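Participant:
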Amino acid sequence: MKLLLTSVFGPYGVDDEYGKKENKMELFHNQVTREQGIFSYRFNHGSQGLYFLKENIDIPTAVLDFPTFKRFKQELKNDYDYIGISFIIPNFKKAKAMAQVIRKLSPKSKIILGGHGVNIPNIEGMIDHDVICRGEGVYFLRKLFGENVDKPIRHPLEYSSFNRQVMGAPWPSDSGILITGLGCANKCRFCATSHFFGNYIPYLKTGQEIFDICCRYEDEKGITDFGVLDENFLKMKDRALELLELMEKNDRYFTFAIFSSAETLKEIGDLDVLVRMGVTFVWIGVESKKEVYAKNKGTHFQSLFEELRKRGISILASSILFLEEHDKDTIWEDVDFVTSLNPDYLQFAPLGPIPGTKLYNDYEKQGKVIKDIPYESQHGQGKIWFHHDHFSRDESEALLRKAFKTDYKRNGASILRAIKTALGGYLYCRSNADERIQRRSKYYKKRLEMMRYFLSASTIFAQNTRTESLLKEIKKSYRAEFGRMNFSSRLKSLLVVFLSIKEYLRCRVVGDLRVPKTSYRSSNKVYNHKVQPAKASYKIGLNRKLRTIGTNSLGISEG
Ligand code: B12
Ligand code: SF4
Numbered sequence: 000m001k002l003l004l005t006s007v008f009g010p011y012g013v014d015d016e017y018g019k020k021e022n023k024m025e026l027f028h029n030q031v032t033r034e035q036g037i038f039s040y041r042f043n044h045g046s047q048g049l050y051f052l053k054e055n056i057d058i059p060t061a062v063l064d065f066p067t068f069k070r071f072k073q074e075l076k077n078d079y080d081y082i083g084i085s086f087i088i089p090n091f092k093k094a095k096a097m098a099q100v101i102r103k104l105s106p107k108s109k110i111i112l113g114g115h116g117v118n119i120p121n122i123e124g125m126i127d128h129d130v131i132c133r134g135e136g137v138y139f140l141r142k143l144f145g146e147n148v149d150k151p152i153r154h155p156l157e158y159s160s161f162n163r164q165v166m167g168a169p170w171p172s173d174s175g176i177l178i179t180g181l182g183c184a185n186k187c188r189f190c191a192t193s194h195f196f197g198n199y200i201p202y203l204k205t206g207q208e209i210f211d212i213c214c215r216y217e218d219e220k221g222i223t224d225f226g227v228l229d230e231n232f233l234k235m236k237d238r239a240l241e242l243l244e245l246m247e248k249n250d251r252y253f254t255f256a257i258f259s260s261a262e263t264l265k266e267i268g269d270l271d272v273l274v275r276m277g278v279t280f281v282w283i284g285v286e287s288k289k290e291v292y293a294k295n296k297g298t299h300f301q302s303l304f305e306e307l308r309k310r311g312i313s314i315l316a317s318s319i320l321f322l323e324e325h326d327k328d329t330i331w332e333d334v335d336f337v338t339s340l341n342p343d344y345l346q347f348a349p350l351g352p353i354p355g356t357k358l359y360n361d362y363e364k365q366g367k368v369i370k371d372i373p374y375e376s377q378h379g380q381g382k383i384w385f386h387h388d389h390f391s392r393d394e395s396e397a398l399l400r401k402a403f404k405t406d407y408k409r410n411g412a413s414i415l416r417a418i419k420t421a422l423g424g425y426l427y428c429r430s431n432a433d434e435r436i437q438r439r440s441k442y443y444k445k446r447l448e449m450m451r452y453f454l455s456a457s458t459i460f461a462q463n464t465r466t467e468s469l470l471k472e473i474k475k476s477y478r479a480e481f482g483r484m485n486f487s488s489r490l491k492s493l494l495v496v497f498l499s500i501k502e503y504l505r506c507r508v509v510g511d512l513r514v515p516k517t518s519y520r521s522s523n524k525v526y527n528h529k530v531q532p533a534k535a536s537y538k539i540g541l542n543r544k545l546r547t548i549g550t551n552s553l554g555i556s557e558g
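For the sequence shown, numbering that gives the first Met the number 0 assigns the number 0 to the initial residue and increments by one for each residue that follows.
1) So, at 7 Å on beta carbons, what are the nonlocal neighbours of V334 in its own chain, with the 5 sequence-adjacent residues on each side left out?
2) Flag this pair as yes or no: are the beta carbons of R188 and K53 separated by less than 9 Å?
3) One question on the structure: do P89 and L512 come within less than 9 Å of each other, judged by their Cβ atoms?
4) Relative to the ligand B12, is the shortest distance from any of its heavy atoms to the C-beta of P89 smaller than 8 Å?
5) How many whole angstroms separate the CB atoms of F195 and H115, which I take to be in contact at a CB cut-off of 8 Å?
6) Does the Cβ of D64 lie closer than 8 Å to at least one heavy atom of the ligand B12?
7) Work out the CA separation of M24 and G12 for me, nearest whole Å.
8) Where does F304 land, buried or exposed, given buried means 16+ other C-beta within 10 angstroms?
9) I believe N55 touches V130 by the beta-carbon criterion, under 8 Å. Please report the beta-carbon distance rounded to the nearest angstrom.
10) Is DSSP giving F210 helix, strand or coil here?
11) Check for me: the alpha helix (DSSP H) holding W331 runs from which residue to which?
12) Please report the Cβ distance between A61 and L140, rounded to the nearest whole angstrom; I am assuming they are in contact, meaning their Cβ atoms lie under 8 Å.
13) With DSSP run on the structure shown, which of helix, strand or coil describes T60?
14) Return helix, strand or coil for Q164, following the three-state DSSP convention.
15) Just grab the DSSP bridge partners of L320 for me.
16) Using DSSP with H/G/I as helix, E/B as strand and the rest coil, what is S6?
17) What three-state label does DSSP hand G284 in the structure shown?
18) For D14, which option in Q30, V165, L49, K92 has the closest C-alpha, if you only look at C-alpha atoms?
19) Can you name, in chain order, every residue of its own chain whose Cβ lies under 7 Å from the Cβ of G134, other than the five neighbours on each side?
20) Three-state secondary structure (DSSP) at P89?
21) If you follow the alpha helix (DSSP H) that N29 is part of, which residue opens it and which one closes it?
22) In the DSSP assignment, what residue or residues form a beta bridge with G180?
23) On the criterion of 16 or more Cβ atoms from any shown chain inside 10 Å, does Q30 qualify as buried, or is it exposed?
24) Is the Cβ-Cβ distance between V337 and K288 less than 9 Å?
25) T192: beta carbon under 8 Å from a heavy atom of the ligand SF4?
26) Based on DSSP bridge pairs, tell me the residues matched to N43.
27) Can you find the residues in the same chain that come closer than 7 Å, C-beta to C-beta, to E16, ignoring five residues on each side of it along the sequence?
28) Is any non-hydrogen atom of the ligand FAD found closer than 8 Å to the C-beta of H386, if you look at the structure I gave you?
29) Would you kindly check if the distance between the Cβ of G226 and the Cβ of I37 is under 9 Å?
30) Which residue wins for smallest C-alpha separation from S518, given the options V508, F8, V274?
31) I need the straight-line Cα distance from N43 to A94, nearest angstrom please.
32) Specify the secondary structure class of Y344 as computed by DSSP and reduced to three states.
33) Rounded to a whole number of angstroms, what is the C-alpha to C-alpha distance between L49 and G113?
34) Shortest alpha-carbon distance to H154 belongs to which of N121, S105, Y216, Q164?
35) Quick check on I319: buried or exposed, where buried means 16 or more other Cβ atoms within 10 Å of its Cβ?
36) Just to check my reading of the structure: E230 and G268 have Cβ atoms closer than 8 Å, yes? What is that Cβ distance to the nearest angstrom?
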């Protein structure tokens with residue numbers, strides 16, 4: 000018995016018969032720092048769900064990630080008994096084409112469909128298949144293959160992202176992924192994942208389990224920094240506190256980038272606990288100035304954000320546009336509100352009725368969902384796909400762009416905001432009376448050293464006055480805290496300048512597309528993701544050095 004698990008084929012982020020240019024395989028560049036030009040972060044994320052499935056079933060399994068259609072067809076020569084296609088709604092056409100070609104080239108293979116795409120209404124009649132996995136996949140596959148469903152979860156050791164670049168220079172890929180659980184009990188009306196998984200499904204139920212995996216990561220790969228794929232990690236408060244206790248008891252410290260709702264952060268109470276826990280990045284849904292969602296009731300975001308950033312915790316805030324409450328004025332009140340909070344990163348997401356959610360059911364009943372919008376256009380980076388009382392589809396696209404640009408102009412480049420937060424964190428920890436907090440200053444110091452190399456290039460490319468003033472302020476703090484740069488650091492800064500100019504020209508001349516390379520893993524063969532712009536000659540020498548000089552935890556994903 001042999002299983003192939005595959006993601007959909009590329010190229011991604013181009014207009015072709017299967018997809019749209021807005022479906023780039025990039026988180027920050029497409030959904031967060033998208034209007035920040037050369038300052039935008041360029042990271043790729045592997046299909047973590049597939050590696051997680053492979054690790055947790057016994058039958059020989061191969062994972063094919065980011066194939067081309069041609070490469071996928073070649074793989075079909077390997078006589079798989081089962082082929083699982085993982086897809087999300089905007090990739091419907093790709094999944095359909097893959098199923099068709101399986102039937103033609105490997106007729107004996109059984110097709111399993113999985114991932115959020117299976118929520119498309121009447122999917123059964125739309126894509127050729129044998130089995131559909133609706134929701135959680137590990138227990139589903141174990142059951143399908145007659146394995147013991149209750150055996151313990153095995154966690155793979157995977158990098159949280161790869162092929163990372165900022166301003167054309169390599170950004171260290173040294174964070175691991177932790178998948179502690181799926182879904183979220185809050186079930187906010189619009190939220191795709193919480194509805195898809197029904198409720199919160201914890202994979203790692205105790206702090207001890209998480210701690211053991213972190214230790215394995217460190218022992219086997221030297222990784223101490225993690226992106227936590229869990230919609231609301233701190234919601235299992237006891238689990239998080241047990242993890243903290245174990246780190247302090249065993250004198251082994253890790254850092255984490257997490258998602259959290261405001262209500263859960265408040266439950267933790269003392270934010271210093273987060274510092275001790277090693278939380279360095281948190282993604283929070285602000286959604287709207289008005290308390291539309293229960294999770295944000297009674298939250299004073301201004302002070303919450305100030306307190307977090309003061310402690311060195313970078314914030315990615317997300318805000319929803321085109322809510323029912325929004326008209327041409329109130330929508331700008333929300334943009335003004337969320338940009339005034341000055342998070343390090345800001346994501347604007349248009350409200351999107353996604354099949355499976357309560358929002359979709361409501362809008363469907365009210366006849367608001369526009370039926371003839373192709374699935375590949377239901378991605379959230381362009382036009383809305385429902386009737387709004389105050390905005391046309393074209394207006395929605397233009398407004399979304401303007402909101403991102405407003406944030407950029409008002410708050411400056413995100414990389415500098417993050418540096419400012421890290422500087423704050425360094426000072427906060429270094430001068431803290433509590434030794435448990437003090438020891439966290441090492442993390443910031445190391446990170447700040449690496450980030451300093453980006454300041455000269457930032458000076459050249461600063462596009463607005465806020466970026467310029469941030470730069471001045473940051474440079475001053477660096478000099479005050481760490482003195483002037485030594486010769487080797489200057490050299491590295493120069494290299495970043497060179498790379499950033501090169502990247503700038505590349506984007507101007509050939510466009511800014513970066514597509515992840517195909518990765519294939521089976522029991523005996525491994526072709527891993529490679530650093531993408533292979534043509535770039537700086538891939539040697541100093542580049543290798545740069546890759547070893549720091550750590551960060553930004554390689555995570557959206558909520
Ligand atoms: C990481 C991520 C990305 C990465 C992509 C990584 C990749 N290699 O595909 C990036 C940042 C590039 C990305 C981009 C986009 N994403 Co995205 N992404 C995520 C995120 C945050 C995590 C996914 C993940 O790894 N989860 C953890 C794993 C363990 O869970 P899982 O993948 O769901 O897999 C489990 C089950 O679903 C199931 N399963 C999954 N596949 C299969 C297959 C088989 C055969 C079986 C049996 C089971 C199975 O088993 C797994 C274990 O239980 C999710 C939100 C979330 N928290 O889940 C959004 C999410 C999947 N993305 C979404 C969207 C809309 C997009 C974009 C269209 C947005 C955009 N335009 O910018 C693009 C599309 C890019 C493209 N060309 O495909 C939506 C999908 C909505 C929907 N209903 O279809 C989500 C749910 C976010 C949201 N809240 O709306 N994304
Ligand atoms: S939006 Fe956030 S808090 Fe609400 S259900 Fe989804 S993950 Fe939970």
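Where is the CB? At the ideal position from N, CA and C, for every residue including glycine. What you are looking at is a predicted structure, and each value in this text was computed from that prediction instead of being measured.
Facilitator: With the given structure in hand:
1) A402, T405, listed in sequence order.
2) No; because the gap between Cβ atoms is not below 9 Å, this pair is not in contact.
3) No.
4) Yes.
5) So it is a contact: roughly 6 Å between Cβ atoms.
6) Yes - the ligand B12 has a heavy atom lying nearer than 8 Å to the Cβ of D64.
7) Going by the C-alpha atoms only, they are around 7 Å apart.
8) F304 comes out buried.
9) About 17 Å separates the two Cβ atoms, so there is no contact after all.
10) Annotated three-state conformation of F210 is helix, per DSSP.
11) Here the alpha helix (DSSP H) through W331 covers 329–339.
12) In this structure A61 is not in contact with L140, their Cβ atoms being roughly 14 Å apart against a cut-off of 8 Å.
13) The answer is strand: DSSP assigns T60 an E or B state.
14) Strand, per DSSP.
15) Paired residue(s): P349.
16) S6 sits in coil when the DSSP states are folded into three classes, being neither helix nor strand.
17) Looking at G284 - three-state DSSP - the assignment turns out to be strand.
18) Out of Q30, V165, L49, K92, K92 has the C-alpha closest to the C-alpha of D14.
19) In chain order, F195, F196, G197 place their CB closer than 7 Å to the CB of G134, counting only its own chain and leaving out the 5 sequence neighbours on each side.
20) If DSSP states are grouped into helix, strand and coil, P89 belongs with the helices.
21) Element bounds for N29: 27–30.
22) Note: G180 sits in a beta bridge opposite P201.
23) Per the 10 Å Cβ criterion, buried.
24) Closer than 9 Å, so yes.
25) For the ligand SF4, at least one heavy atom lies less than 8 Å from the Cβ of T192.
26) BP columns for N43 point to F161.
27) Nothing meets the Cβ criterion.
28) Absence of the ligand FAD is noted for the structure shown, with the ligand B12 and the ligand SF4 being the only ligands found.
29) No, they are not a contact pair.
30) Comparing C-alpha distances from S518 to each of V508, F8, V274 shows the shortest one belongs to F8.
31) In a straight line, the C-alpha of N43 is about 21 Å away from that of A94.
32) Y344: strand per DSSP, three-state reduction.
33) Computed Cα separation, rounded: 10 Å.
34) Comparing Cα positions, the closest option is Y216.
35) With a 10 Å radius around the Cβ and a threshold of 16 neighbouring Cβ atoms, I319 comes out buried.
36) Incorrect: roughly 21 Å between the Cβ atoms, too far for contact.
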